[in-house]
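**Q**
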Amino acid sequence: MKTVEPINFIEEKINEDLKNGRFNCVQTRHPPEPSGYLHIGHVRNIILNYGTAERYGGVCNLRYDDTNPLKESTEFVNSIQNDVMWLGYHWHEIHYATEYFQQNYEIAVKLIKEGKAYVCDLSPEELSKYRGTLTEPGKESPYRNRSVEENLELFEGMKQGKYPAGSRCLRAKIDMASPNINMRDPVIYRIQYAEHHRIGRSWNIYPSYDFSHPLDDCLEGVTHSICGPEFEDHRPLYDWVVENSGLKNKSRQIEYTNLYLSGTILGKRNIKKLVNDGIVSGFDDPRLYTVAGLRRRGVLPESLKNFVYATGLSKVNTAVVDRAFLDYYIRETLNQKARRVMAVLDPVKLVITNYEGEDEEIFTEDFPQIEGNTEKHAHYFGREIVVERSDFLKEPIPKFFRLFVGNEVRLKGAYIIKCTGFDEDENGKVTTIYATYDKDTKSGTEGANRKVKGTIHWVNPKHAYKVTCRLFENLVAEEDSESVEKNEAETDGVRINPNSKTELTECYVEKLNYNMDERYQFVRNGYFTLDPDTTADNLVFNRTITLKDSFKMPTL
RNA sequence: AGGGGUGUGGCCAAGCGGUAAGGCACAAGACUUUGACUCUUGCAUUCGUAGGUUCAAAUCCUGCCACCCCUGCCA
1 MKTVEPINFI EEKINEDLKN GRFNCVQTRH PPEPSGYLHI GHVRNIILNY GTAERYGGVC
61 NLRYDDTNPL KESTEFVNSI QNDVMWLGYH WHEIHYATEY FQQNYEIAVK LIKEGKAYVC
121 DLSPEELSKY RGTLTEPGKE SPYRNRSVEE NLELFEGMKQ GKYPAGSRCL RAKIDMASPN
181 INMRDPVIYR IQYAEHHRIG RSWNIYPSYD FSHPLDDCLE GVTHSICGPE FEDHRPLYDW
241 VVENSGLKNK SRQIEYTNLY LSGTILGKRN IKKLVNDGIV SGFDDPRLYT VAGLRRRGVL
301 PESLKNFVYA TGLSKVNTAV VDRAFLDYYI RETLNQKARR VMAVLDPVKL VITNYEGEDE
361 EIFTEDFPQI EGNTEKHAHY FGREIVVERS DFLKEPIPKF FRLFVGNEVR LKGAYIIKCT
421 GFDEDENGKV TTIYATYDKD TKSGTEGANR KVKGTIHWVN PKHAYKVTCR LFENLVAEED
481 SESVEKNEAE TDGVRINPNS KTELTECYVE KLNYNMDERY QFVRNGYFTL DPDTTADNLV
541 FNRTITLKDS FKMPTL
C-alpha cells in the first residue's frame, strides 16, 4: 500500500499505520445518526471520510448509527443519502448499526463469560451517584461481582424483555477509580422498548454507541474511524472494546475538530428548534446552513468542498471560521458558472424623454465569462424602462457616479443617458426618473467609445419577465446591530435576527430560456438560482449570495 | 495533583532548531459597457505568558495563564 502526500494530521497518522504495517489498506466509514439533517459541519466529516478513502484507493461505507430508536427516523435516513449524493460522494456499501446487533450481542455474552461485563441493577440515578465526579473516584456497584451464570441469565432476561426499561443494564467491568469517567464501568447495553424505524421491535436491548461503534468498525473492516473531538476521551474505551472483542481487525479511532462558522446556527438540536418553532420554513430554508438549505439557495457542492479544504484541519478547538470565507468560495465558483442576466429587483421607472417610436431591439454578446455561450441576448430599448432604485440619488454624494440629475451614465449594452430630473411622491419617494439618451453612443458602434464613469443595468418591462425573488437576511443578528437590543428569540446563546425573514419581491428579468440547473448572475445584484417551487408562469428565484460591492455609502 | 485537548496578525492556517508561507477580511491604486471579475501594492520585529538551554527558539526544557470537551441506561 502506497502512502500519499499527507494534507493533514489524519493522513500523517494513516501513513504511520501503513508504514509500520498495522494496516495495508485504508477503509473509512461515514457514520451519521439518522436523527437530523446534515449541515455544513457534517460536510467536513463527509469529505474527510469519503475523501480520505478515495485518496488512498480505499472505500468508505455509509453506516447509519441507528442505535437509539427514540431519536431516529426514516425521513432522516433518506435526507442523508440524498445530501451525500448531491455532494458527489459515493459510498461503497450502506450499512446500519442494527445489522450488527446479533454480533454485538454475541460479543457481549463473550465478555460476560470472561468476567469483563456484568448486569447492574442500579437505577439511572444511583448509577450516576456511584460514578463519582470529575474530581472524585467512583464507587463499585454492589452488583459488580455477580457470578457469570447469574449475569448470563439476567442478560438473557433483558434480551427477552422480562424487565422494565431502566431497571437493569449491562456494564463493562473496567475501573471505577479511573480518572477518565468513560472508563468507570460504562453502560454497554440498555433495555429499550421502542419502535425502531428499521427493525421494529425485534430487539429489547440496545448497545450503546461506545460498545457498538468500535465493534461495527472492526466487523466492517474499517481501518480508520474518523470522528469528532468529543470522542477523544472515549478512545481508551474504544480501544478496550476493540481489544476485548476478539475480533481480528483492530480499527483505529482518529479525532478531528469541529467546524464552526461565525454568524450561523449549527447543531442538529438548534436547527430542529428553529424548524419546530416556525422561525424557518423547514430544514431546507435557504437561510439555514443545512446541506438542503444551501442546495436550495443555489450553492454548488464544489464551493463547499473548496471551502472545507481551504479551512484546513488543525486541532484548535476554538476555531470559528468567518462566514465571509465561505461566501468567498461560493462566489468563486459561481463567478465562473453563472450566466449573466440583466435584472431589476427594486424597480423605479425611467423615461427617456427624447426617445421616439417603437422599442428597439438590441443585441449584445458581451458575456465572455460563460463557457460556450454563443447565444445573442435580445434587449428592447424604449421610452420607458426600469432601473434599480439604489442606482439613483436625489442628492449626489462624493464618489457616487451613477444616476443623479445632470450626470451621465451608460445603460449596459445600450446607450449613454443623461439624467434630467425626477418626480417624487409626498413621502419623498422617487416615482419616476427622467433622462435623455445620446443616440450616437450605442454599444458596438464608434460612438460607444466615449467613456462615462458609471454603468447601470436596466430592463424594459414590456419585454421582460415579471418574476419573484426570494431575498433574505442572515438568521443571526449582527453583533453590534440595533436589532439585537430587542431580540426575542435566542438559541443556545445565539441571537436570532428579528428581521430575518425570507422576503418575496416582484422584480423584472430579461427574457431567456431559464434552466433549473443553471446559476444566474443578476448583474450588479448577486447570484440567483431558480427555486424548486418555480412554475411556468411564475419564476421564483432564490438569491444565493450578493456580489461584492466596493462602493460604500458614507455614514453620516 | 481529576482526565483529555488547544493556544501563530481581525478570521482560518503553514511552520517540527536557522532568523514568521498562503488564503479570507481590510486599505490604497490600475483596469473595467457589472463600482463584479482580474491585476498591483500594503498589512505579525513577532508566535498565550515568564524563565531556561543554544551561536541561533514559534520550534527543545520548566513554571504559570487562558479557552474547549468529559459526571446520558445520547451519539
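The opening residue of the first sequence carries number 1 in the numbering used here; numbering runs sequentially from there.
Each residue gets a CB set at the ideal place from its N, CA and C atoms; glycine is no exception.
Span of the alpha helix (DSSP H) holding residue 236?
**A** Its alpha helix (DSSP H) spans residues 235-245.
**Q** Looking only at its chain, what residues have a beta carbon closer than 6 Å to the beta carbon of residue 412, apart from the 5 residues adjacent to it on each side?
**A** The answer, listed in chain order, is 455, 457.
**Q** Hey, is the segment 27-43 in contact with the segment 221-236, meaning 3+ C-beta pairs nearer than 8 Å?
**A** Verdict: yes, contact present.
**Q** Should residue 190 and residue 208 be called a contact, given that it needs their Cβ atoms to be closer than 8 Å?
**A** Taking 8 Å as the Cβ cut-off, residue 190 and residue 208 qualify as a contacting pair.
**Q** Evaluate contact between the segment 30-46 and the segment 277-297, counting only Cβ atoms and requiring at least three cross-stretch pairs below 8 Å.
**A** Touching, per the Cβ criterion.
**Q** In chain order, which alpha helix (DSSP H) runs of at least 4 residues are fully inside the segment 243-297?
**A** The qualifying runs are 268-276, 291-297.
**Q** Let me know the secondary structure DSSP gives residue 526 once reduced to three states.
**A** Strand.
**Q** Sort out for me which residues DSSP pairs residue 189 with in a bridge.
**A** According to DSSP, residue 189 bridges with 170, 207.
**Q** Sort 318, 451, 511, 447 by Cα distance to residue 466 and report the nearest one.
**A** The shortest Cα separation from residue 466 among 318, 451, 511, 447 belongs to 511.
**Q** Just reading off the beta strand (DSSP E) that residue 542 is part of, what are its end residues?
**A** Where residue 542 is concerned, the enclosing beta strand (DSSP E) stretches over 540-545.
**Q** Within the continuous alpha helix (DSSP H) that includes residue 128, where are the two ends?
**A** Here the alpha helix (DSSP H) through residue 128 covers 124-130.
**Q** Terminal residues of the continuous alpha helix (DSSP H) containing residue 51?
**A** Its alpha helix (DSSP H) spans residues 40-55.
**Q** Measuring only the C-alpha atoms, how far is residue 486 from residue 498?
**A** Note that residue 486 scores 38 on pLDDT, short of 50, meaning its location in the model is unreliable; the coordinates nonetheless yield the value given after this. So the two alpha carbons sit approximately 8 Å from each other.
**Q** Given a cut-off of 8 Å, decide if residue 436 and residue 451 are closer than it, judged by their beta-carbon atoms.
**A** The answer is no: Cβ separation not under 8 Å.
**Q** What's the C-alpha gap between residue 557 and residue 441?
**A** A question about residue 557 goes unanswered here, because the residues of the chain that appear run from 1 up to 556.
**Q** Using a Cβ-Cβ cut-off of 8 Å (strictly less than) and excluding sequence neighbours within five positions of residue 54, which residues of its own chain qualify?
**A** Counting only Cβ-Cβ distances below 8 Å, and skipping sequence neighbours, we find 60.
**Q** Given a cut-off of 8 Å on the beta-carbon distance, is the pair residue 283 and residue 255 in contact?
**A** The answer is no: Cβ separation not under 8 Å.
**Q** With DSSP as the reference, label residue 363 as helix, strand or coil.
**A** Correct three-state label for residue 363: strand.
**Q** Reducing DSSP to helix, strand and coil, say where residue 350 ends up.
**A** In this structure, residue 350 counts as strand in the three-state DSSP scheme.
**Q** Are the beta-carbon atoms of residue 168 and residue 176 separated by less than 8 Å?
**A** Going by C-beta atoms, residue 168 is not nearer than 8 Å to residue 176.
**Q** By a C-beta neighbour count over all protein chains shown, 10 Å radius and 16 as the cutoff for buried, is residue 253 buried or exposed?
**A** With 16 or more other Cβ atoms within 10 Å, it is buried.
**Q** What separation, rounded to the nearest whole angstrom, lies between the Cα atoms of residue 154 and residue 120?
**A** Distance between the alpha carbons of residue 154 and residue 120: 9 Å.
**Q** In this structure, what does DSSP give as the bridge partners for residue 343?
**A** Bridge partners of residue 343: 509.
**Q** Tell me residue 520's beta-bridge partners as DSSP assigns them.
**A** 339, 528, per the DSSP bridge assignment.
**Q** Ignore the nearest five residues each way along the sequence and tell me which others in residue 544's own chain have a CB closer than 8 Å to its CB.
**A** Only 297, 298, 299, 330, 334, 519, 526, 527, 528, 529 meet the Cβ criterion.
**Q** Name the DSSP beta bridge partners of residue 225, please?
**A** Answer is 253, bridged to residue 225.
**Q** Between the Cα of residue 127 and the Cα atoms of 289, 170, 109, 110, which residue gives the shortest distance?
**A** Minimum Cα distance to residue 127 is reached at 170.
**Q** Give every residue of the same chain whose Cβ lies closer than 8 Å to the Cβ of residue 515, excluding the five residues on either side of it in the sequence, and list them in chain order.
**A** The residues are 530.
**Q** Quickly, what does DSSP pair residue 200 with across the bridge? List them, please.
**A** Answer is 196.
**Q** With 16 as the cutoff for other CB atoms within 10 Å, does residue 553 come out buried or exposed?
**A** The residue in question, residue 553, is exposed, as its Cβ has fewer than 16 Cβ neighbours within 10 Å.
**Q** Just the C-alpha distance for residue 448 and residue 408, rounded to the nearest angstrom, thanks.
**A** Cα-Cα distance, rounded: 13 Å.
**Q** Using 8 Å for Cβ pairs, my map puts residue 112 next to residue 152. What's the rounded Cβ distance?
**A** Confirmed, Cβ separation roughly 6 Å.
**Q** Return the first residue and the last residue of the alpha helix (DSSP H) that residue 154 is part of.
**A** Run containing residue 154: 148-160, per the alpha helix (DSSP H) assignment.
**Q** Measuring CB atoms only, is the segment 305-314 touching the segment 241-248, in the sense that at least three cross pairs come out at less than 8 Å?
**A** The segment 305-314, when compared against the segment 241-248, does not touch it at the 8 Å Cβ threshold.
**Q** Would the beta-carbon of residue 433 fall within 8 Å of that of residue 313?
**A** Not in contact: residue 433 and residue 313 (Cβ atoms no closer than 8 Å).
**Q** Measuring CB to CB, does residue 430 end up less than 8 Å from residue 344?
**A** Cβ atoms of residue 430 and residue 344: not closer than 8 Å.
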